[in-house]
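A.B. asks: Got a structure for you, questions after.
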Amino acid sequence: MAPGVFILLSILGTHTCLTSYSLMEVAGKEISFFSIGQIKDNKEFIATARKLERFILKQNNPLATYRLAIQLSSRGFSTKRLERHIIAIADPKWLVRFAQNIPRCSTGLIEQSLLKLDCEPFHLAMFAIAVAGSNKELLERLVIKSGNPKAAYICLRYLKHPSVNKIKKILIQSGKPRYLFALACKLKRKKDITLIEDLIIESGNATYQRLFAKHIKSANVERLEAAVIASGSIKQIRAFAMELKTKRALRYSVLD
Numbered sequence: 256m257a258p259g260v261f262i263l264l265s266i267l268g269t270h271t272c273l274t275s276y277s278l279m280e281v282a283g284k285e286i287s288f289f290s291i292g293q294i295k296d297n298k299e300f301i302a303t304a305r306k307l308e309r310f311i312l313k314q315n316n317p318l319a320t321y322r323l324a325i326q327l328s329s330r331g332f333s334t335k336r337l338e339r340h341i342i343a344i345a346d347p348k349w350l351v352r353f354a355q356n357i358p359r360c361s362t363g364l365i366e367q368s369l370l371k372l373d374c375e376p377f378h379l380a381m382f383a384i385a386v387a388g389s390n391k392e393l394l395e396r397l398v399i400k401s402g403n404p405k406a407a408y409i410c411l412r413y414l415k416h417p418s419v420n421k422i423k424k425i426l427i428q429s430g431k432p433r434y435l436f437a438l439a440c441k442l443k444r445k446k447d448i449t450l451i452e453d454l455i456i457e458s459g460n461a462t463y464q465r466l467f468a469k470h471i472k473s474a475n476v477e478r479l480e481a482a483v484i485a486s487g488s489i490k491q492i493r494a495f496a497m498e499l500k501t502k503r504a505l506r507y508s509v510l511d
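Positions 256 to 511 (the working numbering) are the ones given, in order, by the sequence shown.
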């Protein structure tokens with residue numbers, strides 16, 4: 256059976272079991288986006304794709320909308336109707352993915368739609384770091400205003416020029432070792448580094464105690480070594496001894 260015929264039968268509801276294709280069920284219909292991508296002839300491809308598009312535009316399925324847009328854009332065909340549809344569905348996760356991965360889409364319109372949704376700060380942060388041409392400054396300000404540690408961490412970690420001093424308070428208040436360590440890597444003031452070192456020791460997380468000692472120049476290695484030894488984790492004690500060449504950790508690591 257030709258790939259194009261399979262797609263059309265799937266849309267019409269004819270059940271065809273082809274385990275070699277990646278199937279997706281949309282409104283009770285089985286669709287193979289792999290199959291449509293295998294159609295070599297452009298006329299057959301676009302005819303099949305547009306028929307499938309008309310079906311998808313009647314559904315509230317962001318994944319199907321996104322996957323068809325991937326197929327159309329890969330062959331240079333317009334995805335504007337699918338873009339309007341993904342905006343109408345208003346699912347933040349798929350708005351971000353559409354803007355990130357569909358060439359020539361209207362990222363500005365998608366960003367405006369995202370901002371109107373009052374969505375989780377995480378999605379704002381992901382749009383800022385993943386979408387070329389996004390208003391990174393505005394999105395970062397909104398993340399900082401939200402006080403959300405996860406979103407703030409994403410901005411700190413992946414934006415080219417994050418507002419470190421504004422993000423600092425959010426991540427310190429979170430108390431999460433992973434966030435604290437990433438923050439320490441961006442800071443220079445001894446006072447800030449000492450505070451974060453205190454918090455990481457208090458957290459009891461031996462992994463980040465070791466990483467802090469290894470990567471932060473002004474870290475108190477002996478103090479962090481004692482904390483790692485106190486954790487009782489032979490794996491982390493041994494890693495500490497090997498990476499930082501400390502005799503005390505080495506002695507404890509061979510006791511296992």
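Backbone N, C-alpha and C define an ideal beta-carbon position, used for all residues, glycine too.
Please report the distance separating the alpha-carbon of E392 from that of L505.
C.D. replies: Those two C-alpha atoms are separated by around 47 Å.
A.B. asks: Got a sec? Which residues, its chain only, sit under 8 Å from Y276 by beta carbon, not counting five neighbours each side?
C.D. replies: Because Y276 carries a pLDDT of 41, less than 50, the predicted location of this residue cannot be relied on, and no value is offered for it.
A.B. asks: Quick one: measure Cβ to Cβ for L327 and I341, integer angstroms, because I've assumed they're closer than 8 Å.
C.D. replies: Contact flag wrong, Cβ pair sits at about 13 Å.
A.B. asks: Can you tell me which of the three DSSP states I471 falls into?
C.D. replies: coil
A.B. asks: Expressed to the nearest angstrom, what Euclidean distance is found between the alpha-carbon atoms of K472 and E480?
C.D. replies: 15 Å
A.B. asks: Just the C-alpha distance for K431 and L312, rounded to the nearest angstrom, thanks.
C.D. replies: Rounded to whole angstroms, K431 to L312 spans 43 Å at the Cα level.
A.B. asks: Does the count of Cβ pairs from the region 379–397 and the region 414–429 closer than 8 Å reach three?
C.D. replies: With a cut-off of 8 Å, the region 414–429 and the region 379–397 count as touching, because enough Cβ pairs lie within range.
A.B. asks: Along the chain, where does the alpha helix (DSSP H) that runs through V419 open and close?
C.D. replies: V419 to S429
A.B. asks: Does DSSP classify S361 as helix, strand or coil?
C.D. replies: Coil, per DSSP.
A.B. asks: Using 8 Å as the threshold, is the C-beta distance between S429 and P404 below it?
C.D. replies: yes
A.B. asks: With distances taken Cα to Cα, identify the nearest neighbour of C360 among E375, L370, I344 and R336.
C.D. replies: Cα-wise, what sits closest to C360 is R336.
A.B. asks: Is L323 near L307, with beta carbons less than 8 Å apart?
C.D. replies: Their beta carbons are under 8 Å apart, which means L323 touches L307 by this criterion.
A.B. asks: Kindly indicate which three-state DSSP category H280 falls into: helix, strand or coil?
C.D. replies: Residue identity differs from the one stated: residue 280 is Glu in this sequence, not His. In this structure, E280 counts as strand in the three-state DSSP scheme.
A.B. asks: Does the beta-carbon of Y413 have 16 or more other beta-carbons within 10 angstroms, so that it is buried, or is it exposed?
C.D. replies: exposed
A.B. asks: How is the alpha helix (DSSP H) around I325 delimited, first residue to last?
C.D. replies: P317 to S329
A.B. asks: Using the C-alpha atoms, what's the distance from D447 back to L426?
C.D. replies: Each residue's Cα considered, the two are about 12 Å apart.
A.B. asks: Classify E338 as buried or exposed, calling it buried when 16 or more other Cβ atoms lie within 10 Å of its own Cβ.
C.D. replies: buried
A.B. asks: So, with DSSP's three-state summary, where would you put I294?
C.D. replies: coil
A.B. asks: Does the Cβ of I456 have 16 or more other Cβ atoms within 10 Å, making it buried, or fewer, making it exposed?
C.D. replies: buried
A.B. asks: Which residue from S401, A354, A461 and L364 puts its Cα closest to that of F377?
C.D. replies: S401
A.B. asks: With H, G and I counted as helix, E and B as strand and the rest as coil, what does DSSP make of E285?
C.D. replies: strand
A.B. asks: If you check the beta carbons only, do I484 and R465 fall under 8 Å apart?
C.D. replies: no
A.B. asks: Using the Cβ count rule (16 or more neighbours within 10 Å means buried), how would you classify P358?
C.D. replies: exposed
A.B. asks: Please work out which residues of its chain come closer than 6 Å, Cβ to Cβ, to T334, disregarding the five sequence neighbours upstream and downstream, and give them in chain order.
C.D. replies: Non-local beta-carbon contacts of T334 in its own chain, meaning distances under 6 Å to residues more than five positions away in sequence, involve A324, L327, S328 and I357 in chain order.
A.B. asks: K391 lies in the alpha helix (DSSP H); which residues open and close that run?
C.D. replies: K391 to S401
A.B. asks: Beta carbon of A468, beta carbon of L438: below 8 Å?
C.D. replies: Their beta carbons are not under 8 Å apart, which means A468 does not touch L438 by this criterion.
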